[in-house]
Amino acid sequence: MSFLAPSIDVAGPLRRTSAVNGVVNPPSGTLAWVSGYGRVRPGEVGTAVIAGHVVNGRRADVFYDLQSIRRGDKVTVFDAAGKGVVYTVTATRVATKLAVSRDAAVWGANRSVKRIALITCDDDDGFRADGHRVSNFVAIAEAR
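For what it's worth, our numbering labels the leading residue of the sequence shown as 509, then goes sequentially.
Structural data, given as structure tokens:
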């Protein structure tokens with residue numbers, strides 16, 4: 509499976525990951541789709557979560573430019589056979605990690621549309637005492 513977001517110049521393989529104790533923390537340099545928590549595989553009806561880091565140390569990581577994605581931008585997920593599902597970005601937002609964990613567009617039930625939630629950390633709100641960023645940037649995209 510692979511991912512393409514031409515508007516932010518991101519392309520690469522998608523790797524499966526899982527949340528540990530409810531926390532999504534994909535390996536650096538990885539575009540990861542989250543299994544479990546009722547999430548679907550990208551390309552299926554339901555909501556798939558795709559996560560990546562904005563930075564790794566002081567270097568740009570896979571979702572460094574995710575905050576530049578805009579409503580109307582196209583994102584494509586390709587299956588192993590190369591068949592693509594094209595998604596259109598419908599919403600973007602910055603939210604605290606707690607708010608994202610309760611976001612219905614990301615974690616709520618969805619049995620009607622193919623949706624992906626693209627998630628990375630957001631630098632604008634700074635850091636918590638534990639060294640993690642306060643907020644996340646989320647882009648929601650749906651296939652029509």
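The C-beta atom is built at its ideal place from N, Cα and C for all residues, glycine as well.
Just how far apart, CA to CA, sit residue i and residue j?
{"i": "Ser620", "j": "Gly554", "result": "7 Å"}
{"i": "Val597", "j": "Ile577", "result": "8 Å"}
{"i": "Thr525", "j": "Tyr545", "result": "12 Å"}
{"i": "Ile624", "j": "Ala637", "result": "30 Å"}
{"i": "Arg610", "j": "Arg579", "result": "22 Å"}
{"i": "Val570", "j": "Ala617", "result": "28 Å"}
{"i": "Val608", "j": "Val518", "result": "23 Å"}
Where does residue i land, buried or exposed, given buried means 16+ other C-beta within 10 angstroms?
{"i": "Pro550", "result": "buried"}
{"i": "His561", "result": "buried"}
{"i": "Ala568", "result": "exposed"}
{"i": "Lys591", "result": "exposed"}
{"i": "Val594", "result": "exposed"}
{"i": "Ala559", "result": "buried"}
{"i": "Arg566", "result": "exposed"}
{"i": "Pro534", "result": "buried"}
Taking residue i as the reference, give the member of the options with the closest Cα.
{"i": "Ala588", "options": "Leu522, Ile516, Ser515", "result": "Leu522"}
{"i": "Lys582", "options": "Ile516, Asp611, Met509", "result": "Ile516"}
{"i": "Ala527", "options": "Asn618, Ala540, Thr604", "result": "Ala540"}
{"i": "Gly634", "options": "Val642, Pro514, Ile627", "result": "Val642"}
{"i": "Arg652", "options": "Glu552, Gly520, Val548, Pro534", "result": "Glu552"}
{"i": "His640", "options": "Thr538, Ala513, Gly520, Val531", "result": "Val531"}
So residue i and residue j are supposed to be a Cβ contact under 8 Å. How far apart are they, rounded?
{"i": "Asp630", "j": "Asn644", "result": "6 Å"}
{"i": "Glu650", "j": "Lys605", "result": "Incorrect: roughly 23 Å between the Cβ atoms, too far for contact."}
{"i": "Val646", "j": "Ile627", "result": "5 Å"}
{"i": "Val542", "j": "Val563", "result": "That pair is no contact at about 20 Å."}
Could you check whether the Cβ of residue i sits closer than 7 Å to any Cβ belonging to chain B?
{"i": "Ala612", "result": "Protein chain content of the structure displayed is limited to a single chain, and chain B is not contained in it."}
Closer than 6 Å to a non-hydrogen atom of the ligand COA - does that hold for the CB of residue i?
{"i": "Ala568", "result": "The ligand COA is not among the ligands present in this structure, which contains no ligands whatsoever."}
Q. If you scan the stretch 583 to 638 from start to end, which runs of the alpha helix (DSSP H) of 4 or more residues do you find wholly inside it?
A. 605 to 609, 612 to 615
Q: Pick out the complete alpha helix (DSSP H) segments inside the stretch 539 to 577, 4 residues or longer, and give them in chain order.
A: none
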